[in-house]
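Participant: Okay, here's the structure, questions in a sec.
Residue numbers (our numbering): 87 to 328.
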């Protein structure tokens, strides 16, 4: 089974690997292959002075305001023998207990209402492999979808807080010539386990490849009340075997 290099340096020089990476030294929407959604009043996506370079996605203090940061075009497609990786480092602190809605990963047509209003969760259309957290909850969930086939699990890992969390998604074939893709999810380099099952087995989603559509890579945040939420993104990386 083909695999991708996991380090950025190896990925940079691997000629059989296509990748995008943004460390957010600066940001202007529509430039350098990255686009923001900040159409609601008071929403912003910007990079301020500070160590490392961090893109801050702000919702403003209006319920269901949303913003996102994504690859301008849909560059990634699940296919046979074409493994994918998504990697980001994010941080947010709840403005009010558990109100924030946050998403990160691969998603077709990543745009408005990637997370449905009023804590209703991830939209029910398209192709995606994501981490997400919704209004009313405090832990990261993961979901994979292609067509009508969907798998969702609760990792039990607290989302948000004062510290950054590294979120990684790995998509590989089940085997040579397989008709399915296997999705695994990692937080701070530890593979996610199922909080809803006895013994906490590792989460593995098996999703059919057939019918897949192109996806963006990105991050997204939506306010769950009349309080401003800010998602800080240290970097975004995504890659796929050519």
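Even glycine gets a Cβ: it sits at the ideal position worked out from N, Cα and C.
The structure displayed is predicted, hence computed values, not measured ones.
Using the three-state DSSP reduction, which class does residue 118 fall into: helix, strand or coil?
Facilitator: coil
Participant: At which residues does the beta strand (DSSP E) containing residue 321 begin and terminate?
Facilitator: Where residue 321 is concerned, the enclosing beta strand (DSSP E) stretches over 316–327.
Participant: How would you call residue 288, buried or exposed, if buried means at least 16 neighbouring beta carbons within 10 angstroms?
Facilitator: exposed
Participant: Closest to residue 199 by CA distance: which of 247, 256 and 152 is it?
Facilitator: 152
Participant: Please name the residue in 211, 123, 207 and 116 whose C-alpha comes closest to that of residue 193.
Facilitator: 211
Participant: Please confirm whether any heavy atom of the ligand MG lies closer than 8 angstroms to the CB of residue 156.
Facilitator: Among the components modelled here there is no ligand, and therefore nothing to report on the ligand MG.
Participant: Can you grab the Cα-Cα spacing for the pair residue 158 / residue 106, in whole Å?
Facilitator: 11 angstroms
Participant: From 114, 318, 313 and 242, pick the residue whose C-alpha is nearest to that of residue 182; which is it?
Facilitator: When only C-alpha atoms are compared, the closest one is 313.
Participant: With a CB to CB cut of under 6 angstroms and the five nearest residues on each side skipped, what residues in its chain are close to residue 299?
Facilitator: Beyond the five residues adjoining it in sequence on each side, residue 299 comes within less than 6 angstroms, by CB distance, of 194 and 213 in the same chain, given in chain order.
Participant: Put residue 137 into one of helix, strand or coil per three-state DSSP.
Facilitator: coil
Participant: Measure the Cβ-Cβ separation of residue 232 and residue 294 and say whether it is below 9 angstroms.
Facilitator: yes
Participant: Restricting to Cα atoms, I'd like to know which of 164, 245 and 175 is closest to residue 269.
Facilitator: 164
Participant: Looking only at DSSP bridge pairs, what is residue 101 linked to?
Facilitator: Residue 101 pairs with nothing; no bridge assigned.
Participant: Give me the Cα-Cα distance between residue 166 and residue 292, rounded to the nearest whole angstrom.
Facilitator: Distance between the alpha carbons of residue 166 and residue 292 is about 14 angstroms.
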